[in-house]
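**Q** Have a look at this one before I ask anything.
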Amino acid sequence: MRITIVSRIFAPEPGAASFRLGALARACAEAEHSVCVLTSAPPSQLNADLIEFPDNVQIKRAKVLRDRAGYVRGYAQYMSFDIPLMARLLFARRPDIVLAEPPPTTGAVVRLICAMRRVPYVYYAADIWSDASQTAGAPSFVVKTVRWLEKFAMRGAQRVLSVSDGVSERLRELSVSRNVRTIGNGSDLAAFSLEGPAKNLRRPYFVYTGTASEVHGARIFADAFADVQRVRPDAALVFVGQGSEFPVIKEIAADLPEGSISVFARTTPSEVARWLRGAAAALASVKPDSGYDFAFPTKMYAATSCGTPVIYAGTGPGKAFIDTIGYGIATDYDVESVATSMISMLEREQASADRERASAWARENVDIGAIATSACNILESVASDHQKKLTKQ
């Protein structure tokens with residue numbers, strides 16, 4: 001088959017979508033399909049030439065507008081990808097099937113062009129964007145518009161791939177259920193192994209990697225760190241990534257002794273792995289009552305694969321994950337509880353056997369490879385069914 005993957009973000013940009021779609025492209029290539037990825041040119045500090053894919057994966061990149069952090073996030077940024085996408089999809093060689101990654105504006109474009117060309121498409125519902133916009137405090141008319149676009153994109157898809165039971169349940173609440181398939185969540189763990197170099201700050205540190213948005217509420221770790229330092233002035237807190245909460249985190253850092261909290265821009269998966277291996281614990285959170293309690297931070301998979309314990313603040317599947325593997329700490333989302341958990345983690349000495357066990361569990365249970373193969377099988381099935389319908393006509 002000829003498969004087209006449409007996403008504003010792709011390797012080498014770090015992020016759950018990049019890992020997920022990169023694994024899918026490789027799975028489809030291994031099944032001897034031809035894959036064309038329509039995506040954006042990465043930020044200048046990331047070298048796309050360092051990412052290797054099989055010969056039957058073609059990656060076509062176009063320049064896009066990025067925010068100050070170098071991320072494709074915001075209405076103008078989305079449009080800079082979606083508007084040229086119309087022509088890119090319309091005049092490209094006709095694929096057998098298209099897979100669309102959010103945002104919903106991209107899904108809407110894919111639905112329109114695929115309808116014109118009579119090509120089936122599948123929508124990857126990694127989360128619910130309209131809920132996220134509401135949590136971020138967007139005006140009601142914006143939330144309603146995003147909700148409409150999201151439903152429009154998903155209802156036109158032959159299949160909607162859901163990453164969790166929680167997302168599937170929320171889709172049912174939004175009256176999107178007929179074509180939903182729950183395939184699970186995972187992470188590309190190729191770069192996140194127990195073995196490898198680790199950062200050495202010559203002091204114990206915690207690390208938060210990836211996106212820190214309103215949904216995550218990652219600032220709570222910065223808020224709690226002042227309390228941590230009263231007990232452990234030798235400790236440090238590091239943020240590596242991007243997100244709307246980074247400016248306020250930097251403001252909090254400025255009020256603490258120099259070097260207490262460091263904020264770094266997103267970087268390559270291999271560099272993130274170095275930060276994770278050297279950390280006393282990785283940090284993850286989902287803000288309660290944000291309308292996003294069903295969400296799971298996939299950064300927890302990467303940390304566990306590196307053998308690093310996770311402190312998770314919040315409710316939902318993140319807490320269940322800690323309880324399942326019996327490694328790390330799940331705590332309430334409040335400053336006092338988070339600070340207590342961080343101090344407790346500093347006082348623990350992680351046995352090498354526990355690190356090895358956690359890493360092995362992650363590789364056996366949450367590596368993205370099996371999920372990517374399942375997604376590829378669904379693409380094959382949808383394309384085959386569509387071809388049969390065309391033949392009957």
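All letters in the sequence shown, in the order written, are residues 1 to 393 by this note's numbering.
Here a beta-carbon is modelled for each residue, glycine too, at the ideal position from N, C-alpha and C.
Small disclaimer: the values here were computed from a predicted structure and weren't measured.
Would you call the stretch 382-393 in contact with the stretch 103-115, where contact means no fewer than 3 C-beta pairs closer than 8 Å?
**A** The stretch 382-393, when compared against the stretch 103-115, does not touch it at the 8 Å Cβ threshold.
**Q** If you measure between the beta carbons of residue 296 and residue 164, is that distance less than 8 Å?
**A** Yes. Within cutoff.
**Q** Might you give, ordered along the chain, the residues of its own chain that have their beta carbon closer than 6 Å to the beta carbon of residue 266, omitting 5 neighbours on each side?
**A** Here the set comprises 14, 241 and 242.
**Q** Rounded C-beta distance between residue 307 and residue 356? I'm assuming under 8 Å.
**A** Contact flag correct, Cβ pair sits at about 7 Å.
**Q** Taking just the CA atoms, how far does residue 322 sit from residue 365?
**A** One C-alpha to the other measures close to 14 Å.
**Q** Within this structure, are the beta carbons of residue 130 and residue 143 separated by less than 8 Å?
**A** In contact: residue 130 and residue 143 (Cβ atoms closer than 8 Å).
**Q** Excluding the five sequence neighbours on either side, which residues of its own chain have a C-beta within less than 6 Å of the C-beta of residue 238, listed in chain order?
**A** Excluding positions up to five away in sequence, the list reads 205, 207 and 262.
**Q** From this set, 23, 160 and 313, which residue's C-alpha is nearest residue 330's C-alpha?
**A** Minimum Cα distance to residue 330 is reached at 313.
**Q** Quick one: Cα of residue 9 to Cα of residue 18, how far?
**A** So the alpha carbons of these two residues sit roughly 6 Å apart.
**Q** Between the stretch 337-346 and the stretch 208-226, are three or more C-beta pairs nearer than 8 Å?
**A** Touching, per the Cβ criterion.
**Q** CA-CA distance, residue 309 and residue 149?
**A** Near 39 Å, if we compare the C-alpha coordinates of residue 149 and residue 309.
**Q** Checking the sheet assignment: what are the DSSP bridge partners for residue 312?
**A** Answer by DSSP bridge pairing, in chain order: 284 and 330.
**Q** Taking the alpha carbon of residue 202 as the point to measure from, which residue in 160, 66 and 279 has its own alpha carbon closest?
**A** Measuring from the Cα of residue 202, the nearest candidate turns out to be 279.
**Q** Look at residue 436 and residue 5 and say whether their C-beta atoms are less than 8 Å apart.
**A** With the chain covering 1 to 393 only, the question about residue 436 has no answer from this structure.
**Q** Excluding sequence positions up to five away, which residues of its chain have a Cβ less than 6 Å from the Cβ of residue 199?
**A** The answer, listed in chain order, is 274, 275 and 278.
**Q** Could you name the residues of the same chain whose beta carbon sits closer than 6 Å to that of residue 123, not counting the 5 residues immediately before and after it, in chain order?
**A** Here the set comprises 100, 107, 153, 154, 157 and 160.
**Q** Does the beta-carbon distance from residue 59 to residue 33 come in below 8 Å?
**A** In this structure, residue 33 does not lie closer than 8 Å to residue 59 by Cβ.
**Q** Would residue 69 and residue 264 qualify as a contact pair, given that the criterion is a beta-carbon distance under 8 Å?
**A** Not in contact: residue 69 and residue 264 (Cβ atoms no closer than 8 Å).
**Q** Helix, strand or coil for residue 125? Go by DSSP, reduced to three states.
**A** Note: residue 125 maps to strand in three-state DSSP.
**Q** Go through its chain and collect everything with a Cβ distance to residue 373's Cβ below 6 Å, but skip five positions before and after it.
**A** Here the set comprises 27.
**Q** Any idea what DSSP makes of residue 306, helix, strand or coil?
**A** Residue 306 falls in the coil class under three-state DSSP.
**Q** Distance, Cα to Cα, residue 402 vs residue 377?
**A** Nothing about residue 402 can be reported from this structure: the residues present for the chain run from 1 to 393 only.
**Q** Pick helix, strand or coil for residue 77, following the three-state DSSP scheme.
**A** If DSSP states are grouped into helix, strand and coil, residue 77 belongs with the helices.
**Q** Would you mind sorting residue 63 into buried or exposed? The rule is 16 or more other CB atoms within 10 Å of its CB.
**A** The residue in question, residue 63, is exposed, as its Cβ has fewer than 16 Cβ neighbours within 10 Å.
**Q** DSSP state of residue 232, grouped into three classes?
**A** Reduced to three states, the DSSP call for residue 232 is coil.
**Q** Which same chain residues, not among the five before or five after residue 147, have their C-beta less than 6 Å away from its C-beta?
**A** Same-chain partners within the cutoff: 130.
**Q** By the three-class DSSP mapping on this structure, what secondary structure does residue 71 have?
**A** DSSP places residue 71 in coil when its eight states are reduced to three.
**Q** For residue 180, collect the residues of the same chain with a Cβ closer than 6 Å to its Cβ; drop the 5 residues on either side in sequence, then sort them by chain order.
**A** Contacts found: 160, 162, 168 and 171.
**Q** How many Å lie between residue 229 and residue 219 at the Cα?
**A** Residue 229 and residue 219: Cα-Cα distance of roughly 16 Å.
**Q** If you follow the alpha helix (DSSP H) that residue 261 is part of, which residue opens it and which one closes it?
**A** Not the alpha helix (DSSP H): residue 261 falls in the beta strand (DSSP E), residues 261-265.
**Q** Taking the C-alpha atoms as reference points, what is the distance between residue 358 and residue 304?
**A** Those two C-alpha atoms are separated by around 6 Å.
**Q** Alpha carbon to alpha carbon, how far is residue 315 from residue 54?
**A** Straight-line Cα distance between these residues: approximately 40 Å.
**Q** Tell me the residue span of the beta strand (DSSP E) that contains residue 58.
**A** That run of the beta strand (DSSP E) goes 57-62.
**Q** To the nearest angstrom, how far is it from the Cα of residue 214 to the Cα of residue 347?
**A** Those two C-alpha atoms are separated by around 30 Å.
**Q** Would you list the residues sitting across from residue 340 in a DSSP beta bridge?
**A** Residue 340 pairs with nothing; no bridge assigned.
**Q** Throw me the rounded Cβ distance for the residue 217 and residue 333 pair, which I believe falls under 8 Å.
**A** With a Cβ gap of about 7 Å, residue 217 and residue 333 count as contacting.
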